[in-house]
DNA sequence: TGATTTTGCACAAACGTTTGTTCAAACGTA
DNA sequence: TACGTTTGAACAAACGTTTGTGCAAAATCA
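Chains as they are written, first to last, in the working numbering: chain A, 390 to 726; chain B, 390 to 726.
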């Protein structure tokens, strides 16, 4: 009964026109090729009647155009990236393209694998928050002429366009805020150490500490995850001299800290002050509303997609590596000493 | 310099073998077709040297196999669905398939559009949390033989497989918990009214209320969003007789409630008790840890994918419509009256 | 009326694979 | 030696589109 999917040949036969006519009508090129109203009608009618759905594979094979862009992020389950995915997806759809989303799970091998898959599907552009220093594969794509934009994470010394936050500045702001409130023993719990945003945040933290004449800064941790925050906080609390403030480099890490502190019956900010990177709708409603450094996520996505489509249109873009300004959202988790 | 992407013809030429030999070697069918070790070597070598990436479009066009399954959800920015996306993506990759993720934004038209896009890409299976009553399009795909599994949301009277939570039971449990704590004026803030999970939750709430002899239950709201929770809570607080407890049908709604309550300087659970659907890592650390009904999300995804691949393998499955049990996670947001 | 232009469309060659068929050479057997 | 069988691989026909080219018929012009 389903009789296989109908194709334009079927339509052509039923409508009594040629294949090319069907193709042109269905692609909106009727005018350009002066197809009569009558033929157009007939083609559209039969297409509808047969429930025709074009076969992208065939179309793409011939035309070379896939109408697809790829988004590759390290973790869909991280709310920060989920937000990005949602935003990018919407922006891309608005432009008539399809997004295929890949999740590399912070794993370079998976990332490369996904990248191959995506190439196999002839993507026309790539938005990526790359794992660590997996720059070779990405650079190669870029050099082959594929429009690429890095987002959040990027490569400092390559000419690949990127849109991210000024993470250095953000970390400086965060650290200064703690310093200004009289804190001196400030520990920093980081995420993936090799990632550029993490490195810059660390640098900002260090510089601010040193500028304040504080040399025993402490950097620990290795993952943007709740578990990592929990584990490192526990360890910190076992130290002889406990820190008076914690700078968590992601809100997942911060959650881990909160969990550990609660287990030890310590309260924020009375016993320990806490400040984190990345806002989240829930942060306002925590037991202690969490002061954080926020990134302009939507803005980042918008600009990234704008760049990408500029490149798709072969337009030159003047400034293709941008860092947007972060902001501090002051809440209640930092105590004045 | 890039000289266009190489194809198997190029490889065949360079390696001095035929096109079919290249294809068979690269597809792991060398043994089956008794290709000599030497030829295999040569083919693989040249493929690597030329940086060959297969063209899925061509392969799929010929073979009819796309190795792709589609996931269509109402909102990637909702943490519940983001989790699902993450999980499904991983499960599917483990089976050597690619997921393409679509976000319908709770919009039937977009959903249909995405569905067409996906059909265009010859997906071999579909996992979907469908919008409202858009069952026609999905039923049609199902009848055409496409393996389809609904997830979270589904259609009660169709024979399309689904995996979801026993939402009715969950709502009964939640409402009973409130009743047992002496609450009588319990308002329920719902999400998308037409969605099956929402309807069943409402039914559970109603039934539990009526069973308790309470007839003035109150059902308000129309979206699974923070804004909706906020707005409805505000309205509730303007009523003459305020409710003593709120049952929010998603944690996004709950956040909205919390926001409204805070603005009015009311505290949970002292002034108003609150219970919500769906857990979230943050809920434990809110000012008042939030009691909730949790769904076994990972389990749902796993089973859904298992079903899907059973169907892909043409295997029959006995019981293809399952509801998993929800659980109450007791925290601190319900006061004993 | 005949020549020229325009209109409307059909034809057929790709695109890069997969896969059924065919076939020479090498080998084994009687 | 003559024959059948196995081995290893080439050939060529699809898959469903897009698109450059070509060419009647209709319309316009001289």
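Cβ atoms here follow ideal geometry from the backbone N, Cα and C, with glycine treated the same way.
Subject >> Unbroken stretches of the beta strand (DSSP E), 3 residues or longer, contained in the stretch 471–552 of chain A >> reply: 487–492, 514–517, 537–540
**OP:** Just confirm the distance between the C-beta atoms of residue 466 of chain A and residue 472 of chain B, as a whole number of angstroms; I'd bet it's less than 8 angstroms.
**Re:** For the purposes of this step, residue 466 of chain A is identified with residue 77 of the first chain, where counting begins at 1. For the purposes of this step, residue 472 of chain B is identified with residue 83 of the second chain, where counting begins at 1. Correct: roughly 6 angstroms between the Cβ atoms.
Subject >> 8 angstroms Cβ shell around residue 793 of chain B - same chain, five flanking residues per side excluded >> reply: Examination of residue 793 of chain B is not possible in this model, given that chain B is present from 390 through 726 alone.
Original post:
Taking buried to mean at least 16 other C-beta atoms within 10 Å of its own C-beta, is residue 726 of chain A buried or exposed?
Top reply: Sequence index remark: in the first chain, residue 726 of chain A carries index 337 (1-based). Residue 726 of chain A is exposed by the Cβ-count criterion.
Original post:
Identify the residues that DSSP records as bridge partners of residue 607 of chain B: which are they?
Top reply: Residue mapping note: residue 607 of chain B aligns to position 218 of the second chain, counting from 1. Answer by DSSP bridge pairing, in chain order: B:576.
Subject >> Opening and closing residue of the alpha helix (DSSP H) in which residue 436 of chain B lies >> reply: Looking up residue 436 of chain B in the second chain gives position 47. Start and end: 426–439.
Original post:
Can you round the beta-carbon distance between residue 398 of chain A and residue 428 of chain A to whole angstroms, since I take them to be within the 8 angstroms contact cut?
Top reply: Locating residue 398 of chain A in the first chain gives position 9, counting from the first residue. Locating residue 428 of chain A in the first chain gives position 39, counting from the first residue. Going by Cβ atoms, the distance from residue 398 of chain A to residue 428 of chain A rounds to 16 angstroms, so no, they are not a contact pair.
**OP:** Identify, in the order they occur along the chain, each residue of the same chain with its Cβ nearer than 6 angstroms to the Cβ of residue 653 of chain A, setting aside the five sequence neighbours on each side.
**Re:** Mapped onto the first chain, residue 653 of chain A falls at position 264. Excluding positions up to five away in sequence, the list reads 626.
Subject >> Integer Cβ distance of residue 557 of chain A from residue 589 of chain A, believed to fall under 8 angstroms >> reply: Within the first chain, numbered from 1, the residue matching residue 557 of chain A stands at position 168. Within the first chain, numbered from 1, the residue matching residue 589 of chain A stands at position 200. Taking C-beta atoms under 8 angstroms as the contact rule, residue 557 of chain A and residue 589 of chain A qualify, at a distance of about 4 angstroms.
Original post:
Can you give the Cα-Cα distance for residue 548 of chain B and residue 639 of chain B, rounded to whole angstroms?
Top reply: Here the question's residue 548 of chain B lines up with position 159 in the second chain. Here the question's residue 639 of chain B lines up with position 250 in the second chain. Their Cα atoms are separated by approximately 27 angstroms.
**OP:** Return the CA-CA distance between residue 580 of chain B and residue 614 of chain B, expressed in angstroms with no decimal places.
**Re:** One-based indexing of the second chain puts residue 580 of chain B at position 191. One-based indexing of the second chain puts residue 614 of chain B at position 225. One C-alpha to the other measures close to 7 angstroms.
Original post:
DSSP three-state call for residue 616 of chain A: helix, strand or coil?
Top reply: What you label residue 616 of chain A is simply residue 227 of the first chain in a count that begins at 1. Correct three-state label for residue 616 of chain A: helix.
Subject >> Continuous alpha helix (DSSP H) stretch holding residue 585 of chain A: start and end >> reply: Within the first chain, the letter at position 196 stands for residue 585 of chain A. First-last of the alpha helix (DSSP H) with residue 585 of chain A: 585–600.
Subject >> residue 676 of chain B to residue 643 of chain A span [Cα, whole Å] >> reply: By one-based count along the second chain, residue 676 of chain B stands at place 287. By one-based count along the first chain, residue 643 of chain A stands at place 254. Straight-line spacing of the CA atoms in residue 676 of chain B and residue 643 of chain A works out to 15 angstroms.
Original post:
Would residue 475 of chain A be called buried (16 or more neighbouring beta carbons within 10 Å of its own) or exposed?
Top reply: Counted from its first residue, the first chain places residue 475 of chain A at position 86. It is buried - the Cβ of residue 475 of chain A has at least 16 other Cβ atoms within 10 Å.
Original post:
Mapping DSSP to helix, strand and coil, what is residue 677 of chain A?
Top reply: For the purposes of this step, residue 677 of chain A is taken as the residue at position 288 of the first chain. Residue 677 of chain A: coil per DSSP, three-state reduction.
Original post:
By how many angstroms is the C-alpha of residue 550 of chain A removed from the C-alpha of residue 394 of chain A?
Top reply: As a first step, residue 394 of chain A must be located in the first chain, where it is residue number 5. As a first step, residue 550 of chain A must be located in the first chain, where it is residue number 161. Their backbone Cα atoms lie some 42 angstroms apart in a straight line.
Subject >> Contacting positions in the stretch 674–704 of chain A - beta carbon closer than 7 angstroms to chain B >> reply: 674, 675, 676
Original post:
Of all the CB atoms in chain B, is at least one closer than 8 angstroms to the CB of residue 549 of chain A?
Top reply: Residue mapping note: residue 549 of chain A aligns to position 160 of the first chain, counting from 1. Not one chain B Cβ lies under 8 angstroms of residue 549 of chain A.
Original post:
Helix or strand or just coil, what does DSSP make of residue 719 of chain B?
Top reply: Counted from its first residue, the second chain places residue 719 of chain B at position 330. In the structure shown, the three-state DSSP call for residue 719 of chain B is coil.
Original post:
Which one of B:510, B:488, B:577 has the shortest CA to CA distance from residue 517 of chain B?
Top reply: Counting from one through the second chain, the residue named residue 517 of chain B turns up at place 128. Checked all of B:510, B:488, B:577; the closest Cα to residue 517 of chain B is B:488.
Subject >> Coarse secondary structure for residue 398 of chain A, derived from DSSP in three states >> reply: For this step, residue 398 of chain A is matched to residue 9 along the first chain. Helix, per DSSP.
**OP:** Pick helix, strand or coil for residue 637 of chain B, following the three-state DSSP scheme.
**Re:** As a first step, residue 637 of chain B must be located in the second chain, where it is residue number 248. Residue 637 of chain B falls in the strand class under three-state DSSP.
Original post:
What are the residues of the stretch 642–660 of chain B that lie near chain A, defined by any Cβ-Cβ distance shorter than 9 angstroms?
Top reply: When C-beta distances to chain A are compared with 9 angstroms, the residues of the stretch 642–660 of chain B below that value are 644, 647, 648, 651, in chain order.
**OP:** Measure from the alpha carbon of residue 578 of chain B to the alpha carbon of each residue in B:571, B:595, B:568, B:570, then state which is nearest.
**Re:** Within the second chain, the letter at position 189 stands for residue 578 of chain B. Minimum Cα distance to residue 578 of chain B is reached at B:595.
**OP:** Taking a Cβ distance cut-off of 7 angstroms, strictly less, list which residues of the stretch 499–515 of chain A are near chain B, in chain order.
**Re:** Only 505, 506, 508, 509, 510, 511 from the stretch 499–515 of chain A bring a Cβ to less than 7 angstroms from some Cβ of chain B.
**OP:** Find the nearest neighbour of residue 357 of chain A within the set B:598, B:503, B:456, judged by alpha-carbon distance.
**Re:** Because chain A spans 390 through 726 in this model, residue 357 of chain A falls outside it and cannot be assessed.
Subject >> Endpoints, the beta strand (DSSP E) within which residue 711 of chain B is located >> reply: As a working note, residue 711 of chain B is residue 322 in the second chain. Note, residue 711 of chain B: beta strand (DSSP E), 710–713.
Subject >> DSSP state of residue 409 of chain A mapped onto helix, strand, coil >> reply: Against the first chain, residue 409 of chain A aligns to sequence position 20. It is helical.
**OP:** Run the CB neighbour count on residue 629 of chain B, radius 10 Å, all protein chains shown included, and call it buried at 16 or more, exposed below.
**Re:** Here residue 629 of chain B refers to the residue found at position 240 of the second chain. So residue 629 of chain B ends up on the exposed side.
Original post:
So which residues of chain B does residue 615 of chain A contact, with C-beta pairs closer than 9 angstroms?
Top reply: Counting from one through the first chain, the residue named residue 615 of chain A turns up at place 226. 670, listed in chain order.
**OP:** For the beta strand (DSSP E) containing residue 459 of chain A, list its first residue and its last residue.
**Re:** Taking the first residue of the first chain as position 1, residue 459 of chain A is located at position 70. Its beta strand (DSSP E) spans residues 457–462.
**OP:** Specify the secondary structure class of residue 393 of chain A as computed by DSSP and reduced to three states.
**Re:** Locating residue 393 of chain A in the first chain gives position 4, counting from the first residue. Residue 393 of chain A falls in the coil class under three-state DSSP.
**OP:** Quick one: list the residues of chain B neighbouring residue 585 of chain A, beta-carbon separation under 7 angstroms, in chain order.
**Re:** The sequence position of residue 585 of chain A within the first chain is 196, counting from 1. What residue 585 of chain A touches in chain B: nothing, since even the nearest Cβ is about 23 angstroms away.
Original post:
In chain order, what residues of the stretch 427–446 of chain B put their CB closer than 9 angstroms to some CB of chain A?
Top reply: 440, 442, 443, 444, 445, 446
**OP:** Give me the Cα-Cα distance between residue 485 of chain B and residue 415 of chain B, rounded to the nearest whole angstrom.
**Re:** Position 96 of the second chain, counting from 1, holds the residue named residue 485 of chain B. Position 26 of the second chain, counting from 1, holds the residue named residue 415 of chain B. If you take the alpha carbons of residue 485 of chain B and residue 415 of chain B, they lie about 16 angstroms apart.
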